[in-house]
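Visitor:
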Amino acid sequence: MKLLLLLIMALWFFLVAGPAGAVAQLTPVPLQSVQADFVQEKHLKILTHPIISTGTFAFQRPQSLRWEYARPIRSILLMHDGEVKKFVEQDGRLVEDKGMQFGAMQVVLAEISNWLDGRFTENKMFQVARPTDRTILLTPKSQELAGVISRIELTLADQQGNLDGITIFEGPDSYTRMRFSKRVLNRKIPVAVFTVQ
Amino acid sequence: MKNVPVILLVLLFFLSGCAAEKRMQLPGLIRTIDDGQQKIACADIFPQGKWQFVHSIEFTMKDGAGPPVIGVTTIDGSTIGCALVTVEGLTLFEAVYRGKESVEIRRAIPPFDKPGFARGLIGDIRAIFQPPSGTVLTGQSADAAPVCRYKDVRGGVVDVERTADDCWQINGYSAELLQRSIIGRSCRKKGSGNIPEYLELKTYGRNGYTLKMTLIRADNVP
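Protein chains in written order, with numbering that gives the first Met the number 0: chain U, 0 to 196; chain S, 0 to 221.
1) Using DSSP with H/G/I as helix, E/B as strand and the rest coil, what is S:V222?
2) S:C147 to S:C166, Cα distance in whole Å?
3) Return yes when the Cβ of S:V95 is within less than 8 Å of the Cβ of S:G76, no when it is not.
4) Where do the ends of the beta strand (DSSP E) carrying S:G119 lie?
5) Taking only three categories from DSSP, how would you classify S:Q36?
6) With DSSP as the reference, identify every bridge partner of S:K201, one or two as the case may be.
7) Using a Cβ-Cβ cutoff of less than 6 Å, which residues in the same chain neighbour U:G54 once the five nearest sequence positions on both sides are dropped?
8) For a contact meaning CB atoms closer than 7 Å, what does U:K41 contact in chain S?
9) Do you know offhand how far S:L91's Cα is from S:A82's?
10) Does chain U have any CB closer than 8 Å to the CB of S:V71?
11) Using a Cβ-Cβ cutoff of less than 6 Å, which residues in the same chain neighbour U:V106 once the five nearest sequence positions on both sides are dropped?
12) Could you tell me whether the Cβ of U:L93 comes closer than 8 Å to any Cβ of chain S?
13) Evaluate U:A128 with the Cβ neighbour count: other Cβ atoms within 10 Å of its Cβ, from every protein chain shown; 16 or more gives buried, anything less gives exposed.
14) Suppose the cutoff is 8 Å on Cβ atoms and the five residues either side in sequence are ignored; what does the same chain contact list for S:V132 look like?
15) Along the chain, where does the beta strand (DSSP E) containing S:L28 start, and where does it finish?
16) May I ask you to list the residues that DSSP assigns as paired with U:Q126?
17) Nearest-angstrom Cα distance between S:G65 and S:I56?
18) Going by DSSP, name the residue or residues bridged to S:I169.
19) Taking the Cβ atom as the reference point for each residue, do S:L177 and S:M23 lie within a distance shorter than 8 Å?
20) Determine whether the Cβ of U:S63 lies closer than 8 Å to any Cβ atom of chain S.
21) Please check the pair U:V87 and S:P67, which I expect to be a contact at CB under 8 Å, by giving their CB distance rounded to whole angstroms.
22) In angstroms with no decimal places, state the Cα-to-Cα distance between S:R106 and S:T72.
23) Got a sec? Which residues, its chain only, sit under 7 Å from S:Q139 by beta carbon, not counting five neighbours each side?
24) Check the Cβ-Cβ distances between U:M104 and every residue of chain S, and say whether any is below 8 Å.
25) Assign U:G20 to one of three DSSP states: helix, strand, or coil.
26) Which residues mark the beginning and the end of the alpha helix (DSSP H) in which S:G111 is found?
27) One question on the structure: do U:T134 and S:G88 come within less than 8 Å of each other, judged by their Cβ atoms?
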């Protein structure tokens, strides 16, 4: 579960930090908030058709997040005021997943501010490379994380650093691709979004 | 005498507890005949050809339940592929079974790397998606439902029963005691299969568990 959370949080902070971080290399622009829809494709060697998941997320600086899957299983991750909660639909109702371990989340949260401030290369968990103008490649530094994720590719939509997608590679035939749409930047988000199921 | 109702209540509590733990014994079949049509009907509940299933799976044991995961099952003849994926897309477990007890584990993140987990999972998947082995006897249950009874050489018995809602139930017995039951609900005809929208698998005994599987997607792969 710890590594799973690490993955979720890694995804999250790359997503929110991607635009700001990449822009920061040109002209630092502080990101206040971002909201977007996402479509997630899970590919495995045994799958003929990928598993498609859809959802939305909202992030408000400094550390408020709502990451919500609508399909195929409804799940909500809420983070606000240093408190982290996850709810998953079970038997038709949302139930808090109290088995979560938050240690990994706290580690990643500590790094988010670096990203939002444009300190893109200061990353404790991943080696960062930029093979092309529109691709950022992250490879895990620790063996523990490398056993779960072999690398992460961030694809930028444009020179302004807007993030087009993320691909997380677990192995040669297993990866998760996320694409973002309907991105809204720097609009004030009500606190209730981060505290209420 | 004043304490008699209390004692009775306590007794009732323990007796009901015992009753909950009591496992069903292999029931007798009535009107056993060699019915070829019934055998075909029983075999038809198992998907034939190449399939890919995606389920939402809720796992429950006596001491609690885990968060739901996405379960992937692929069937291609005797080859079965399976994977457990978190809602967030992380692969927890992936394996391929090619028959004759040969299992290739491609990925197993703790605690899914424990000895016996892969074998148990493959056993459950085979029980759901593959016809039982052994000789087949056809007959009826006590409530007159048509039953196919498969007996293997090791004494294991599997009853496949068509249910009133045109779905099915599978009960597996060992030493004449119920070991595993699978109930399919809301079956829908798709291609060559009669696919349940919902499956509930229960295993019995000290480490018994329940899997509640809600179908997300079923594809008859060409």
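Using N, Cα and C, we set each Cβ at its ideal position, and we do this for glycine too. These figures come from a predicted structure and were not determined experimentally.
Guide: The answer reads as follows:
1) Limits of chain S in this structure are 0 at one end and 221 at the other, which puts residue 222 of chain S out of reach.
2) 14 Å
3) no
4) Not the beta strand (DSSP E): S:G119 falls in the alpha helix (DSSP H), residues 116 to 128.
5) Helix.
6) S:S180, S:T209
7) F37, E67, Y68, A69
8) The contacting residues are V84, G88.
9) When rounded, the distance between both Cα atoms is 7 Å.
10) Contact with chain U is found for S:V71, since one of that chain's Cβ atoms lies less than 8 Å from the residue's Cβ.
11) Note that U:V106 scores 41 on pLDDT, short of 50, meaning its location in the model is unreliable; the coordinates nonetheless yield the value given after this. Closer than 6 Å at Cβ, skipping near neighbours: no residue.
12) no
13) exposed
14) Just to set this straight, residue 132 of chain S is Ser in the shown sequence, not Val. Closer than 8 Å at Cβ, skipping near neighbours: Y149, D151.
15) Premise fails: S:L28 is in no beta strand (DSSP E) and is neither H nor E.
16) Looking at the DSSP assignment, U:Q126 forms a beta bridge with U:T138.
17) 10 Å
18) S:V159, S:I181
19) With a cutoff of 8 Å on beta-carbon distance, S:L177 and S:M23 are scored as near each other.
20) no
21) 6 Å
22) 15 Å
23) Setting aside the 5 residues that flank it on each side, S:Q139 is surrounded in the same chain by L28, I29, R30, P145, V146, each with a C-beta closer than 7 Å to its C-beta; the list follows chain order.
24) Note that U:M104 has pLDDT 39, beneath the 50 cutoff, so the model's placement of it is unreliable and the number below is only indicative. It does not; no Cβ of chain S falls within 8 Å.
25) Caution is warranted here: a pLDDT of 40 is assigned to U:G20, below 50, making its placement in the model unreliable, and no coordinate value can be reported.
26) A small fix is needed here, since residue 111 of chain S is Phe in this sequence, not Gly. Secondary structure note for S:F111: it is in no alpha helix (DSSP H), with a DSSP letter that is neither H nor E.
27) no
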